[in-house]
Each structure stands twice: as structure tokens, then as C-alpha cells.
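Right, one structure below, let's go through it.
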Amino acid sequence: MRKPRLLIVDDEIPFTSNLLKLLSRKGYEVSAVNDGYSALRIIEEQEFDVVILDQKMPGIDGVTTLKELKKKRPHMEVIMLTGHGSIESGIQGLQLGAFNYVMKPITFPELLEQIVHAYERKVIEEERS
Amino acid sequence: MFVVGRLMFGQTKPAKGVNMQELGFHTRSYSKLLRKFILVSVTCSVLPLLLVGWISYLYYSQFSRSRMVDYFHRNVEYNRRIVESFLEERAADLKLVAFTHSLDFLMDSSNLRETFHILNREGSYFSDLGVIGEAGKHVAYIGSYDLMDKDYSVTFWFKEVMAKGVYISDMFEGYRMTPHFIIAVLCSKGDTNWILRATIDTEFLSSLVETARIGKTGEVFLVNREGVYQTSPRFKGKVMDKMPLPMDSFTGESGILITDPIRSMGSVVPEIGTLISDLFKYGVMESRSQQIVAYSWLKQPEWMLVVKQDFSEVFEDINHVNMAILVLLHISILAILIVSVFTARYMIKAIKKRDQEAEGLNRQLMQTSKLASIGELAAGVAHEINNPLAVILTESQVMRDITEDEQSLDGNFKEELVQSLSQVDAQVQRCSHITQNLLRFSRRMSASSQFVDLNVSLKDVVGLLEKRANTCGVQISLDFQEKLPEISTDPFEMEQVFLNLINNAIDAHESRPYGSIHITTRFDSTRNGLVATVADTGSGIPDEDLERVFDPFYTTKPVGKGTGLGLSISYSIVKHMGGEISVRSEVGKGTEFTLFFPCMNTEQTDSSENSRKDKLDKKA
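Chains as they are written, first to last, in the working numbering: chain W, 63 to 191; chain L, 3 to 622.
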């Protein structure tokens with residue numbers, strides 16, 4: 063199985079740059095943007111398997127971004143990531159098709175595990191369809 | 003994951019002062035309200051009662067008075083007619099004798115005696131009988147006085163009878179020098195005129211008049227136009243004395259007077275020119291009380307029959323009834339007062355109870371709103387901290403990766419660096435726990451809901467903390483009721499509640515060499531729920547701190563040891579479960595937390611949220 067292509071959407075620049083470094087070291091093909099609009103633009107140009115999406119961002123928030131992403135790329139798996147998660151936004155995210163909803167700060171191995179599971183599910187879904 | 007809060011024992015005591023002031027204010031307020039209730043209640047009840055009582059009294063008094071006055075009036079009229087008839091009959095008797103007998107016949111003393119006896123046959127009306135010639139001399143006389151040959155030609159009554167034919171005199175003394183009155187009849191036969199004269203028995207007249215007397219204070223007498231007694235009054239004065247009452251009071255043929263001697267003290271009796279007060283002073287008038295005086299004038303002679311009685315005696319029955327009404331009125335007012343006091347006290351008690359309940363609810367509301375606002379703040383703080391923490395974690399991971407990849411680095415240095423990075427991770431995790439708690443506090447988020455055995459949960463927590471407790475010299479004893487029903491809740495949250503409480507209980511023994519923590523559970527069938535208590539023998543909590551123990555960030559633990567969120571999270575969790583948590587404490591003796599977990603409500607209230615959470619977990 064090839065390594066998944068990842069997109070990180072988070073307004074916390076140090077966080078995205080660190081993840082870029084870490085995930086790249088692990089052999090992932092990673093891109094990062096800092097807001098929802100950029101994310102919607104980039105998926106028009108590139109294919110991604112898993113998106114790590116922050117909940118609270120300037121411009122459009124994570125849930126709205128997720129909605130739009132899923133419209134354009136229904137099979138793309140999204141892991142919602144937030145430092146301010148609430149039950150309601152988590153449920154909303156899951157209802158909109160997010161793979162999971164995880165809280166910051168998350169350790170890198172935990173995040174990797176989530177990414178792997180998300181990608182596995184995407185592969186399974188693609189095989190089914 | 004738990005945070006243990008601790009209380010600030012070294013606080014000053016402003017809260018207690020405020021509470022005492024509030025207590026004083028409430029007590030004054032309730033006392034004032036009680037007085038108002040009683041006043042309003044008594045006024046509303048007593049006023050109509052007094053009004054009705056007063057109207058009844060007035061109506062009854064008026065009615066009785068008019069009836070009594072009417073009775074007096076009829077009585078005096080009746081007796082006047084009796085006296086009048088008596089005098090008329092006696093005059094008629096004399097006329098009959100005069101016109102049916104000759105002068106010669108009557109001049110014979112034996113005949114006159116015979117006639118005298120015949121006249122007195124029905125009663126001793128006459129005390130003497132005499133024949134007086136035209137010249138005014140006594141020509142015949144039967145009686146106890148020696149009046150033969152006495153000359154009456156100059157007397158007032160002789161002139162009157164000669165002029166009028168029949169004359170009834172007023173009381174006078176005459177030749178016999180003793181008060182008496184006479185009836186004289188003029189008889190004319192041809193050229194001869196003579197007079198038949200008789201003296202009426204004064205005693206008989208007096209006894210006749212006395213029949214009209216009423217009651218113990220009643221008095222009946224006759225007076226002439228000049229106000230001179232014609233019969234002796236019962237109490238003060240005697241026949242031919244001047245009556246102290248002013249004659250101008252007696253207007254018309256008959257009437258009723260109400261005399262008030264006390265009010266008339268300063269007035270003068272015109273007939274005698276004396277102050278009424280002096281009449282009392284010299285004993286002429288005796289009764290100082292108000293009197294009712296009924297009078298009626300006789301046609302012939304011009305005498306007035308006076309019937310008097312003390313007002314108090316006349317209206318004795320009425321006064322008795324009025325007194326009974328007055329007593330009843332007082333009893334009623336007393337009863338109203340007692341009932342009002344009891345009712346008002348009962349109402350105040352009910353109001354006080356309702357106020358206390360409202361105050362309790364208010365406190366709960368304030369606590370909830372305080373927690374809500376702090377929750378919002380906590381959520382914001384958690385978010386702001388979580389993001390940098392996430393950055394730190396990733397930075398740490400980057401450094402770890404670089405260290406691992408860098409072959410040129412010294413092995414020991416690498417090891418130390420990795421250890422330091424692990425420490426960074428550990429501290430980030432610690433911060434993360436705090437922010438998780440903050441978020442949990444703000445959201446009251448529970449991961450999952452399942453049926454939890456309270457005893458099992460508590461035993462797990464005690465197992466975790468027993469070692470620490472033993473180290474601190476604290477013994478934990480358990481008293482669990484067996485076979486408790488399970489409650490639907492998050493087991494971790496349940497454990498967190500007791501972890502906080504037992505940790506606090508252990509901390510409360512810090513300044514003591516040893517102590518104990520007693521934990522109990524039982525089923526409360528009346529409230530259908532479980533009750534757990536955690537009691538320690540620690541330092542206790544001052545009164546002023548008790549109100550704040552569930553406030554977030556309220557702690558007495560040293561910096562870095564407690565966040566002050568432990569008890570507020572416990573409070574939040576228990577409330578979220580639909581339960582209750584309360585605390586009572588005594589400084590120096592210990593603290594007891596009592597927790598109540600409902601058996602049914604928790605399941606019902608959480609069902610919708612839990613289903614959503616289950617969905618969330620399944621998807622995850």
C-alpha cells in the first residue's frame with residue numbers, strides 16, 4: 063500500500079510546519095495550508111487521501127470547510143483536529159463524514175495511528191465502490 | 003485524569019459577617035411582617051365586629067329606651083287618672099251628702115257622725131267632716147281636732163269654695179297646724195248657703211300615690227303649681243317642702259324628663275334660688291345619678307303626679323344585656339387576636355420556608371451561573387493553551403527525530419536529550435490534563451455512559467489511594483450496603499468524583515499524625531437513589547469557606563499542587579448526573595461530603611446525549 067497523500071489545514075503555522083517535517087520524514091507526501099479557502103483551492107489542483115483539518119480557523123471554520131471538501135472529494139478522509147472541541151461540533155463533523163474528531167494536543171504517534179486508520183478506511187471504501 | 007482541589011483554611015471571615023447581617027435583616031423583616039399581618043388581620047376582623055356591635059348597641063338602646071319611656075308615660079298617666087278619680091269621687095260623695103241632707107240634719111252631731119261613718123264605710127278616705135255656715139264659722143264638726151266655732155271666713159279655701167261651689171285645696175296647716183288638704187262643697191237651698199267640708203286622710207292619699215312607685219329607687223309624689231310637695235317624697239323632703247327641681251321643666255300636660263344632676267351642678271333652681279350642687283351638699287337632693295322623671299298634671303286640683311326612678315335601675319336589664327354584649331365583644335376580640343396571631347405565625351412560617359427554598363434555589367442558580375461563566379472562560383483558556391501545547395509536542399517530536407537521525411552526536415548526549423524531550427512530553431501531557439479538565443468542566447463531557455456499581459467504583463478508587471493514605475497515616479474504612487442497584491453514568495467520571503473527595507480527605511490530615519476516612523453507601527428508597535458519604539477526621543472547613551468549596555479555582559493547596567478545580571468538577575459531574583452533593587464540616591473535627599445519585603433520572607436525562615456519544619465512539 064502506498065503512503066497516503068496528506069493535507070494539513072491549520073492556522074497555527076509552527077504546528078503545520080512541524081507536522082510537515084515529521085510526516086515528510088515518515089515518507090508521506092504532505093501539503094499544508096493555513097485556512098479553509100486555501101484548502102478548497104488546493105484540492106482542486108491536487109489529490110489527497112487524508113486531510114487533517116483544524117476546527118477553529120480564520121475565515122471559514124473547520125465544519126464549513128469539511129462540508130465543502132466532502133462535496134468536492136467525497137472519498138477523501140478528514141480527521142478533525144481542535145483545541146476547543148465540543149460534543150456538538152464533533153457530532154456535526156462526524157455527521158458530515160469526518161473520519162474522527164481528535165483533541166489537541168495529540169502526540170505524534172497517536173496522530174500517525176489516526177492517519178493510518180483513516181487511510182485504510184479510504185482504501186476500503188474505494189475498493190467497495 | 004483528575005485534579006484535586008483543596009480548601010483555603012486561612013481565609014478571613016467577611017462572609018460570616020454578611021450572613022449574620024442578612025440573618026438579622028431577615029429576622030427583623032419577618033417580625034415586621036408578622037406585626038403587619040396581625041395588625042391587618044385584627045383590624046379587618048375587629049372593625050366590622052365593633053361596627054356591628056356598636057350599631058346593635060345603639061339600636062337596642064334606642065329601642066329599649068323608647069319602650070321604657072313609653073312605659074313610664076303610660077304608668078304616670080294611669081296613676082294620675084286613679085288619683086284624679088279618687089278626688090273626684092270624694093268630692094262627689096260630699097256633694098251627694100250636701101244635696102241630699104238638710105243643714106239642720108247635718109248640724110246634728112249624731113247625724114253628722116253617722117254620715118261621716120257612711121262616707122268612710124268603703125275606706126278611711128276622710129279624717130274629719132264639718133259643716134261651715136255662711137258666715138264662715140264651724141257649726142258642726144266630727145273629727146279629732148277641736149275646730150268648733152272656728153272662723154274660716156278669711157281663709158283662702160273659704161273664698162274659693164264660695165266662688166266655685168266645689169274646691170279641693172292644696173296642702174296647708176290651718177288651725178290644726180299640721181299639713182292636710184280639704185274638699186269643700188257649697189250647698190245653696192233657698193237663701194241659705196252652707197259648706198260641707200271634709201279633710202282627706204293624707205296617709206290614704208299617700209298610699210294611693212305610692213302604688214305608682216317602681217323599683218328600689220322609684221319615687222312618687224304630688225306637687226302643686228308652686229312646686230310644693232303635696233305628698234311626702236320617699237327619700238328627701240316632706241310634705242309642704244319645696245321640690246328642688248325647677249318647675250319650668252314641667253311643660254305641657256304630661257311628659258318625660260331625663261335629669262342629669264352631675265351636669266346641672268352649676269345651675270340654679272329658680273323656685274328656691276339655690277345651686278343644685280348646694281342641694282346635694284346639704285342633703286336636699288340625694289341621688290346624683292341620672293334619673294327618668296315622668297309627670298302628669300291633675301285637672302282638679304292643679305297638682306302634678308311625679309314618678310321618678312334612677313336611670314340605672316330603669317335600664318338595668320338593658321345595661322345587663324349591654325354588659326353581656328360588651329363581654330362577648332371582648333371575648334370575640336380576644337379570640338380574633340389569638341386566631342390572628344396563630345394564623346399570622348403560620349403564614350410567616352410558610353413564607354419563611356418558601357423564602358428559604360427560594361434562597362436555596364437562588365444559591366444553586368448563582369453557583370450554576372458562576373460555573374457556566376467560568377466554564378466559558380475555561381474553554382477559551384483551554385483552546386489557547388492546547389494549540390501551543392500541540393506545537394510543543396510536534397517540536398519535541400521533530401527534535402527527537404533529528405536526534406535519532408544525527409549519527410554524529412554523542413550517545414550519552416543523545417540519551418540525555420531524549421530524556422529531556424520525554425520530560426517535555428510528560429509536562430505537555432500534564433498541561434493537557436489540566437486543559438482537558440477545564441474543557442470537561444466547561445462541557446461536562448462524558449465519554450460513555452454505562453451501568454456502574456457504586457461499591458465497585460469506590461473500591462477501585464480506594465485501591466488506588468490506599469497506599470498514599472497509609473503513607474500519610476490515614477486509615478480508610480468502608481461501610482457499604484450490599485447489592486446496591488447500578489446507576490447509569492460514566493464510570494471514569496464517577497471515579498473522578500471520589501478520587502477528588504478522598505484525595506482532599508487525605509490532604510486534610512496533613513498537619514496530623516494520623517486520622518481516618520469513613521466511606522459509606524446505602525440505597526435511599528424514598529428518593530430512589532444511592533447515597534454515599536465520605537467523612538474524614540481532618541482539619542475541617544471554616545464556615546465562611548463552606549460556601550465557596552465548589553467554586554472553580556478556589557484552593558488552599560500550595561502552588562503547583564492543586565488547580566482548585568477538583569471539587570468544582572466533582573460538583574459539576576454530580577449535578578450533570580442529576581445528583582446532589584453537599585458538605586458539612588466542623589473545624590478541628592472533620593468534614594463530611596454527602597452525595598446522592600438518582601437511579602432512574604440519570605438514565606433518562608442522559609439517554610439522548612449518551613446515544614449521540616455512543617454514535618461518536620462507534621464512528622471513531
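Glycine residues also receive a C-beta, built at the ideal position from the N, C-alpha and C atoms.
Separation of residue j from residue i, as counted between CA atoms
i	j	result
L:Y169	L:E162	7 Å
L:P493	L:Q452	7 Å
L:A352	L:F344	12 Å
L:I300	L:A165	Note on identity: in this sequence residue 300 of chain L is Leu, with Ile being the wrong assignment. Near 21 Å, if we compare the C-alpha coordinates of L:A165 and L:L300.
L:N612	L:Y348	Legend: pLDDT at L:N612 = 44, less than 50; position of this residue unreliable, value from coordinates given subsequently. Approximately 47 Å, taken between the alpha carbons.
L:I394	L:F482	46 Å
L:R586	L:D545	9 Å
W:R135	W:P171	27 Å
L:S209	L:D193	41 Å
L:F107	L:V133	11 Å
L:D153	L:V78	39 Å
L:L328	L:E359	46 Å
W:T78	L:R529	54 Å
L:F206	L:I184	13 Å
W:E175	L:S375	36 Å
L:G167	L:T213	31 Å
Interface residues of chain L facing residue i [CB-CB closer than 8 Å]
i	result
W:F170	L395, T396, Q399
W:L84	T396, Q399, V400, D403
W:L81	T396
W:K118	H385
DSSP state of residue i mapped onto helix, strand, coil
i	result
L:G382	helix
L:I216	coil
L:C189	strand
L:S298	strand
L:S587	strand
L:M164	helix
L:V551	coil
L:T157	coil
L:D526	strand
L:A142	strand
L:P600	strand
L:V241	coil
W:F77	helix
L:M150	coil
L:I571	helix
W:F110	coil
L:D455	coil
L:Q232	coil
L:I543	coil
Interface residues of chain L facing residue i [CB-CB closer than 7 Å]
i	result
W:R87	D403
W:P76	V393
Residue i - partner residues in DSSP beta bridges
i	result
L:V536	L:I521, L:F595
W:N143	A small correction: the amino acid at residue 143 of chain W is Leu; Asn does not occupy that position in the sequence shown. Per DSSP, W:D116, W:V164.
L:P181	According to DSSP, L:P181 bridges with nothing at all.
L:Q431	Per DSSP, none; premise fails for L:Q431.
L:S58	For L:S58, which the question treats as bridged, DSSP gives no partner whatsoever.
W:V125	Partner(s): none; W:V125 has no beta bridge.
L:Q311	L:I294
Residue i: CB within 7 Å of a non-hydrogen atom of the ligand MG
i	result
W:V113	Although the ligand MG was asked about, the structure shown includes no ligands whatsoever.
Proximal residues of chain W, C-beta to C-beta of residue i below 7 Å
i	result
L:V551	Near L:V551 there are no residues of chain W at all, since even the closest Cβ is about 28 Å away, more than 7 Å.
Neighbouring residues, chain W, relative to residue i (Cβ below 9 Å)
i	result
L:V430	P167, T169
L:N439	Neighbours of L:N439 on chain W: none; closest Cβ ~12 Å, over 9 Å.
Contact list for residue i against chain L, beta-carbon separation under 9 Å
i	result
W:K129	Result: empty, since nearest Cβ-Cβ is about 17 Å, beyond 9 Å.
Partner residues on chain W for residue i, Cβ-Cβ distance less than 8 Å
i	result
L:S434	P167
L:N414	None at all; the shortest Cβ gap to chain W is about 24 Å.
Does the segment 533-543 of chain L touch the segment 505-525 of chain L, meaning 3 or more C-beta pairs lie closer than 8 Å? yes
Does the segment 129-141 of chain W come close enough to the segment 172-181 of chain W to have 3 or more Cβ pairs within less than 8 Å? yes
Are the segment 460-478 of chain L and the segment 419-429 of chain L touching, with three or more C-beta to C-beta distances below 8 Å? no
Stretch pair the segment 308-320 of chain L + the segment 212-226 of chain L: three plus CB contacts closer than 8 Å: yes
Specify whether the segment 373-389 of chain L and the segment 432-439 of chain L touch according to this definition: at least 3 beta carbon pairs, one from each stretch, less than 8 Å apart. yes
Measuring CB atoms only, is the segment 291-300 of chain L touching the segment 244-262 of chain L, in the sense that at least three cross pairs come out at less than 8 Å? yes
Is the segment 97-108 of chain W close to the segment 405-418 of chain L, with three or more CB pairs under 8 Å? no
Taking contact to mean at least 3 C-beta pairs separated by less than 8 Å, is the segment 61-68 of chain L in contact with the segment 139-156 of chain L? no
Is there contact between the segment 332-343 of chain L and the segment 108-115 of chain L, where contact requires at least three CB pairs shorter than 8 Å? no
Please determine if the segment 502-512 of chain L and the segment 565-579 of chain L are in contact, where contact requires at least 3 C-beta pairs separated by less than 8 Å. yes
Are at least three pairs of beta-carbons, each pair with one atom in the segment 485-499 of chain L and one in the segment 508-517 of chain L, less than 8 Å apart? no
Check whether the segment 123-131 of chain W and the segment 79-93 of chain W touch, using three or more Cβ-Cβ pairs below 8 Å as the test. no
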